[in-house]
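Colleague: By this note's numbering, the letter at position 97 of the sequence shown is numbered 133, and the numbering carries on one by one without gaps. Where is the CB? At the ideal position from N, CA and C, for every residue including glycine. Bear in mind that the values here come from a model prediction, so they are computed numbers and not experimental data.
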Amino acid sequence: MEDIENIESIFNACLHREYCQNLKRASSPMIIRPRIVCLCGSTRFWEKFRDEGLRFTLEGKIVLSIGICAPDSMVLANPETEEGKEQKRMLDQLHKRKIDLADEVFVLNVGMYIGESTRSEIEYAKAHGKAVHYLEKE
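This is the structure:
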């Protein structure tokens, strides 16, 4: 129980510090927009999306990520019906619009895995001049 309270205390302190720093920036004559990072990767790694999203948020960045998680993501990642395939195409395009909004892309290539959709997003990001960074380096 004490460990959980310590983690909550550290988490709240980090949030408060970032919030105060952002308030100071916002009250200055020139408002500085936080960097925007778009997370890309296979939805099978939804836990990494959650963890890295929290990490970037605590660094003061705006995070664009997947809108689904957990077992639901696998249904959408492997659609078998025509309706499911169309929904996946729509979600892939929606994620590219998130890349358009981002300053940088962070690829969650767990175990060096990069699937077809993620590869397409990386190519799209590079073609549009976005910085691309990877969780795991070769």
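1) Cβ of Gly147 versus every heavy atom of the ligand MN: is any distance shorter than 8 Å?
2) Is the beta carbon of His131 sitting closer than 9 Å to the one on Glu159?
3) So which of Pro70, Met66 and His169 has the shortest CA-CA distance to Gly96?
4) By DSSP, does Tyr149 sit in helix, in strand, or in coil?
5) Can you tell me the Cα-Cα spacing of Glu83 and Gly120, whole angstroms?
6) Nearest CA to the CA of Leu127: which residue from Tyr170, Gly151, Ile72 and Ile102?
7) So if DSSP puts Ile98 in a beta bridge, which residue, or which two residues, is it bridged to?
8) Per DSSP, what kind of secondary structure is Glu174 in: helix, strand or coil?
9) How big is the Cα-Cα spacing for Tyr170 and Arg133?
Modeller: Taking the geometry as given:
1) Here there are no bound small molecules, and the ligand MN is not part of this structure.
2) Here residue 131 refers to the residue found at position 95 when the sequence shown is read from its first residue. Here residue 159 refers to the residue found at position 123 when the sequence shown is read from its first residue. For His131 and Glu159, no; Cβs fall outside 9 Å.
3) Position 60 of the sequence shown, counting from 1, holds the residue named residue 96. Looking at the Cα atoms, Pro70 is the closest of the given residues.
4) In the sequence shown, residue 149 corresponds to position 113, counting from 1. Tyr149 falls in the coil class under three-state DSSP.
5) Here the question's residue 83 lines up with position 47 in the sequence shown. Here the question's residue 120 lines up with position 84 in the sequence shown. Computed Cα separation, rounded: 23 Å.
6) In the sequence shown, counting from the first residue as 1, residue 127 sits at position 91. Ranking the options by Cα distance to Leu127, first place goes to Ile102.
7) Within the sequence shown, the letter at position 62 stands for residue 98. Partner(s): Ile72.
8) Here residue 174 is taken as the residue at index 138 of the sequence shown, counted from 1. Here Glu174 sits in coil by DSSP.
9) Residue numbering aside, residue 170 sits at position 134 when the sequence shown is read from its first letter. Residue numbering aside, residue 133 sits at position 97 when the sequence shown is read from its first letter. For Tyr170 and Arg133, the distance between alpha carbons rounds to 20 Å.
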